[in-house]
Amino acid sequence: MILVIGATGPVGSQVVGQLVERGAGVRALTRDPKGARFSSAVEVVGGDLGKPETLADAFAGVDRVFMLMPTFGAPETRTYDGHVAEAASRSGVSHLVRLSVIAAADDAADDPHTDYHRHGEQVVRDSGVGWTFLRPGQFMTNALSWAETIKEGYVREPYAHVKQTPIDPRDIAASAVAVLTSDGHEGKAYSLSGPDAISIEEQVAIIAEVTGRTIRTINVPPGVARAEWLNEGYPAGMVDGIMKHMADETGIHSQLFDTVAELTGRPAHTFAEWAKDNIEAFR
Numbered sequence: 001m002i003l004v005i006g007a008t009g010p011v012g013s014q015v016v017g018q019l020v021e022r023g024a025g026v027r028a029l030t031r032d033p034k035g036a037r038f039s040s041a042v043e044v045v046g047g048d049l050g051k052p053e054t055l056a057d058a059f060a061g062v063d064r065v066f067m068l069m070p071t072f073g074a075p076e077t078r079t080y081d082g083h084v085a086e087a088a089s090r091s092g093v094s095h096l097v098r099l100s101v102i103a104a105a106d107d108a109a110d111d112p113h114t115d116y117h118r119h120g121e122q123v124v125r126d127s128g129v130g131w132t133f134l135r136p137g138q139f140m141t142n143a144l145s146w147a148e149t150i151k152e153g154y155v156r157e158p159y160a161h162v163k164q165t166p167i168d169p170r171d172i173a174a175s176a177v178a179v180l181t182s183d184g185h186e187g188k189a190y191s192l193s194g195p196d197a198i199s200i201e202e203q204v205a206i207i208a209e210v211t212g213r214t215i216r217t218i219n220v221p222p223g224v225a226r227a228e229w230l231n232e233g234y235p236a237g238m239v240d241g242i243m244k245h246m247a248d249e250t251g252i253h254s255q256l257f258d259t260v261a262e263l264t265g266r267p268a269h270t271f272a273e274w275a276k277d278n279i280e281a282f283r
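Residue numbers 1 to 283, in the UniProt record's numbering, belong to the letters of the sequence shown in order.
This is how it looks when you write it as C-alpha cells:
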C-alpha cells in the first residue's frame, strides 16, 4: 500500500492517478475525505498533519509514502515532517519519498522557503526510515496564473527575460511513481527539470502561438512585484525566496537535468507540449 500525502494538487493528483494506472494499492490522505474526488480504486482516509494523533489509521499497513507537504508559511508547518516521520516509523513504513525544491541542492540558497524544505529533508533523514528526495524547480503550471490577463492580451511578471527550466507536474509525478514502485532509490536526492531553458517571455510567446492570441509581456520592476505580492497576503519569506529564485540566471534554477528520462524511460515534456495540452485554460 502506498500512501499519498498532498493528493489533491497538480502533482499529488497525478501521482494518485499514475499509481492507479500501474495497479498499485493507493491510499490518499486528506483533511476532508467526504469532499475528495478520486476513483473507486483509491482508498481515501482522513487525517490532519498538524494533529499527529489523527494519522495512525492512515499509516496502518502502508509500505511507502509520497510526501507533498503544505507550502511553508504558518510556523506549525515545520512540525509536519516530524509528525509524518514519526507515524511512518511507528507503523513500519519502509520508504518516504518527499517532494522538496531544487534550491535545497544549492548551498548559496538561504531563503526561508528553501530552509523550510531543507529542514523537512533533515527530519526525514533522521527518522530511520528509508528516504528519497525529489527536487523540482519551477512548475510549468505557474503559467496558469496568467490565464485571465492573457485573455486581455498581456502577462505581467518580474525577471521575465531570465531563462530557467520549468517542469511539467506530470513529469514530477511520473518520477515519483517510478521511485515509489521500484527499488534502488533509497538515500538519493534527485534534481528535476524540464528539457529546455526558457524565459517567461518565451513561454508567453509559445502560448501566443498555440492560442493564436497577441500577448505582450510586461517586465515588472522587482520592487513593484514584491509589493504587489505582499499586498495580496503572501508571506514575506515566501515572496523573497521566490523572487530570488526567479532572478537566478546562472545557478541551479537554470540548469538542465536528465533525471526525468533516467527515472521514467521517456523524455520530459516541453513547455510547448504542456501549453497545447492546457490550451483551454488560456482561451
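We treat Cβ as the ideally placed atom computed from N, Cα and C, and that holds for glycine.
Beta-carbon separation (whole angstroms), LEU96 vs TRP131, contact threshold 8 Å
5 Å
* To do: Along the alpha helix (DSSP H) that carries ILE207, what are the first and last residues, could you check?
  => Looking at the DSSP string, the run of the alpha helix (DSSP H) that includes ILE207 is 200-211.
CA-to-CA distance, LYS244 to ARG78, given in whole angstroms: 22 Å
query = If you follow the alpha helix (DSSP H) that TRP274 is part of, which residue opens it and which one closes it?
reply = 271-277
* Asked: Between which two residues does the alpha helix (DSSP H) harbouring HIS83 extend?
  -> 80-91
* Is LYS244 helix, strand or coil when you go by DSSP? -> helix
Q) Between the segment 110-129 and the segment 211-218, do three or more beta carbon pairs fall short of 8 Å? A) Too few Cβ pairs lie closer than 8 Å, so no.
(message) What does the alpha-carbon distance come out to for the pair ARG98 and GLY237?
(response) Between ARG98 and GLY237, the C-alpha separation is close to 22 Å.
Worksheet entry | For GLY46, the residue or residues it bridges with in DSSP | THR30
In the DSSP assignment, what are the bridge partners of PHE66?
Residue pairing by DSSP puts PHE66 in a beta bridge opposite VAL4, VAL97.
- Item | One or two residues paired with ALA189 in a DSSP bridge | Listed as beta-bridge partners of ALA189 by DSSP are PHE133.
- prompt: By DSSP, does GLU232 sit in helix, in strand, or in coil?
  reply: coil
**CB contact flag (ASP110, ASP240, <7 Å)** = Cβ distance not < 7 Å, so ASP110 and ASP240 don't count as in contact.
Three or more C-beta pairs below 8 Å linking the segment 222-234 and the segment 164-177 = no
message: For the segment 3-20 against the segment 172-180, do three or more pairs of beta-carbon atoms, one drawn from each stretch, fall closer than 8 Å, so that the two count as touching?
response: At 8 Å Cβ cutoff, the stretches touch.
**Asked** Closest to VAL101 by CA distance: which of ASP81, THR270, GLY153, LEU192 is it?
**Response** LEU192
- Task: Measure the alpha-carbon distance for ASN231 versus GLU86 and round it to whole angstroms.
- Result: 37 Å
*Grouping DSSP H, G and I as helix and E and B as strand, with all else coil, what is PHE139?*
strand
| Cβ-Cβ distance between ASP106 and ILE252 below 7 Å | By the CB criterion at 7 Å, ASP106 and ILE252 fall inside the cutoff.
Whole-angstrom distance between GLY120 and residue 285, CA atom to CA atom: This structure cannot settle anything about residue 285, because the visible part of the chain is limited to 1 through 283.
Where GLU249 sits in the DSSP three-state scheme:
coil
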